[in-house]
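>
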Amino acid sequence: MYGSIPIIASEDSLGLYLKEIKKFPLLTLEEEKSLSKSLNADGDTDAAHRLVTSHLRLVAKISMGYKGYGLPLSDIIAEGNIGLMQAVKRFDPDRGFRLATYAIWWIKAAIQEYVLRSWSLVKMGTTANQKKLFFNLRKIKNNIQALEEGDLKPEQIAHIAENLGVTETDVVDMNRRLGGDSSLNTQISDEGDGQWQDFLVDESQNQETSLVVSDEMDKRRKQLYDSLSCLNEREKSIFISRRMDEDSKH
């Protein structure tokens, strides 16, 4: 459906990939609307290709925010591209906002799911509350000066639970899981690039993306797998192999 898009063969070819995707022109608002309507009405593959390739730089930019998790950046970008494909597939220009606004959530959601499955330092489930806590707990603890070792105080637990809209039990459980992973408090490298916890990405949403989340959250997992039909055979083989291997470990 989306034609041929650049792929990253290995980490060594990442620079070439980033250079290649800069060649794809960005779209004006009118071009974006016209292409989206053509795709929705007629299944125009050329329109789909232009919509995807014009936003590959957005995926790469978002992916950079997750490189601190120690996972191959090429894989993170590949997962983000799958999220982008789904955004393009479902985007409705009549909603009143740009494709980039809509796609940001899909891209981040695809990447976060990959991080949660793959990051070997922390093993956990994938409920909405667990994801929310995983990406935000340490930042909030830092804000309330609660990063010392040991259990959180009752008032701190209550504050975090209310702030994130989760239960106090969820907070205690995630704090225990993350607290057992001492490497989260260590330096990323000898050059002092910061700690692992510094790379937890802020997942606060604006009003438009919040509407998208409420409308799409329950359907996303199935739709991500549907996106396999958008990949070429090589990409599909790599994707299935990696996902089946990861799923067998849980």
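Just so you know, the sequence shown maps onto residues 2 to 251 in our numbering.
Beta carbons are placed, not taken as given, at the ideal position from N, Cα and C, and that holds for glycine.
Here the structure is a predicted model, which means the values were calculated and not measured.
#1: Quick check on Leu27: does DSSP put it in helix, strand or coil?
#2: Whole angstroms are fine: how far does the CA of Lys20 sit from the CA of Ser14?
#3: Less than 8 Å separating the beta-carbons of Gln87 and Trp107?
#4: Starting from the C-beta of Val172, find all residues in its chain whose C-beta is less than 6 Å away, skip the five residues before and the five after it, and write them out in chain order.
#5: To the nearest angstrom, how far is the alpha carbon of Ala48 from that of Leu36?
#6: Please state the DSSP three-state secondary structure of Thr168.
#7: How would you write the range of the alpha helix (DSSP H) that His50 sits in, first residue to last?
#8: Tell whether a beta-carbon distance below 8 Å holds between Glu34 and Pro94.
#9: Using only the alpha-carbon positions, how far apart do Phe92 and Tyr103 sit?
#10: Spatial neighbours of Asp40 within its chain, please: CB distance less than 6 Å, with the 5 preceding and 5 following residues excluded, ordered by chain position.
#11: Report yes if the CB atom of Leu153 is closer than 8 Å to the CB atom of Phe135, and no otherwise.
#12: Can you give me the Cβ contacts of Ile22 inside the same chain, cut-off strictly under 8 Å, excluding the 5 residues immediately before and after it?
#13: From the DSSP output, in three-state form, read off Asp95 for me.
#14: Return the first residue and the last residue of the alpha helix (DSSP H) that Ala10 is part of.
#15: Should Glu31 be labelled buried (16 or more other beta-carbon atoms within 10 Å of its own) or exposed?
#16: Can you give me the C-alpha to C-alpha distance between Gly84 and Asn144, rounded to a whole angstrom?
#17: Which of the three DSSP states, helix, strand or coil, is assigned to Val213?
#18: Please name the residue in Met175, Ser75, Asn130, Glu156 whose C-alpha comes closest to that of Thr167.
#19: Span of the alpha helix (DSSP H) holding Ser64?
In brief:
#1: If you number the sequence shown from 1, residue 27 lands on position 26. The answer is coil: DSSP assigns Leu27 none of H, G, I, E or B.
#2: Start at 1 with the first residue of the sequence shown, and residue 14 comes out as number 13. Start at 1 with the first residue of the sequence shown, and residue 20 comes out as number 19. In a straight line, the C-alpha of Ser14 is about 10 Å away from that of Lys20.
#3: On the sequence shown, residue 87 is found 86 positions in, with the first residue counted as 1. On the sequence shown, residue 107 is found 106 positions in, with the first residue counted as 1. Yes.
#4: On the sequence shown, position 171 is the one that residue 172 refers to. Taken in chain order, the residues that qualify are Ile158, Ile161, Ala162.
#5: On the sequence shown, position 47 is the one that residue 48 refers to. On the sequence shown, position 35 is the one that residue 36 refers to. So the two alpha carbons sit approximately 5 Å from each other.
#6: Against the sequence shown, residue 168 aligns to sequence position 167. Looking at Thr168 - three-state DSSP - the assignment turns out to be coil, as it is neither helix nor strand.
#7: Counting from one through the sequence shown, the residue named residue 50 turns up at place 49. Start and end: 46 to 54.
#8: Here residue 34 refers to the residue found at position 33 when the sequence shown is read from its first residue. Here residue 94 refers to the residue found at position 93 when the sequence shown is read from its first residue. It is worth fixing the name first, because residue 34 is Lys in this sequence and not Glu. Against a cut-off of 8 Å, the Cβ pair of Pro94 and Lys34 comes out as a contact.
#9: Walking along the sequence shown from the start, residue 92 turns up at place 91. Walking along the sequence shown from the start, residue 103 turns up at place 102. Taking the straight line from one Cα to the other gives about 7 Å.
#10: As a first step, residue 40 must be located in the sequence shown, where it is residue number 39. This sequence places Leu at residue 40; Asp is not what is there. Correct list, in chain order: Ala48, Ala49.
#11: Translated into positions along the sequence shown, residue 153 becomes position 152. Translated into positions along the sequence shown, residue 135 becomes position 134. No, they are not a contact pair.
#12: Translated into the one-based positions of the sequence shown, residue 22 becomes position 21. Counting only Cβ-Cβ distances below 8 Å, and skipping sequence neighbours, we find Pro7, Thr54, Leu57, Arg58, Ala61.
#13: Taking the first residue of the sequence shown as position 1, residue 95 is located at position 94. The answer is helix: DSSP assigns Asp95 an H, G or I state.
#14: Residue mapping note: residue 10 aligns to position 9 of the sequence shown, counting from 1. Note, Ala10: premise wrong, no alpha helix (DSSP H); not H, not E.
#15: Numbered from its first residue, the sequence shown carries residue 31 at position 30. Flag for Glu31 reads exposed.
#16: Locating residue 84 in the sequence shown gives position 83, counting from the first residue. Locating residue 144 in the sequence shown gives position 143, counting from the first residue. The alpha-carbon atoms of Gly84 and Asn144 are separated by roughly 31 Å.
#17: Counted from its first residue, the sequence shown places residue 213 at position 212. Caution is warranted here: a pLDDT of 47 is assigned to Val213, below 50, making its placement in the model unreliable, and the coordinate value is therefore given only provisionally. Helix.
#18: As a working note, residue 167 is residue 166 in the sequence shown. Just to set this straight, residue 167 is Val in the shown sequence, not Thr. It is Asn130.
#19: Counting from one through the sequence shown, the residue named residue 64 turns up at place 63. Looking at the DSSP string, the run of the alpha helix (DSSP H) that includes Ser64 is 57 to 65.
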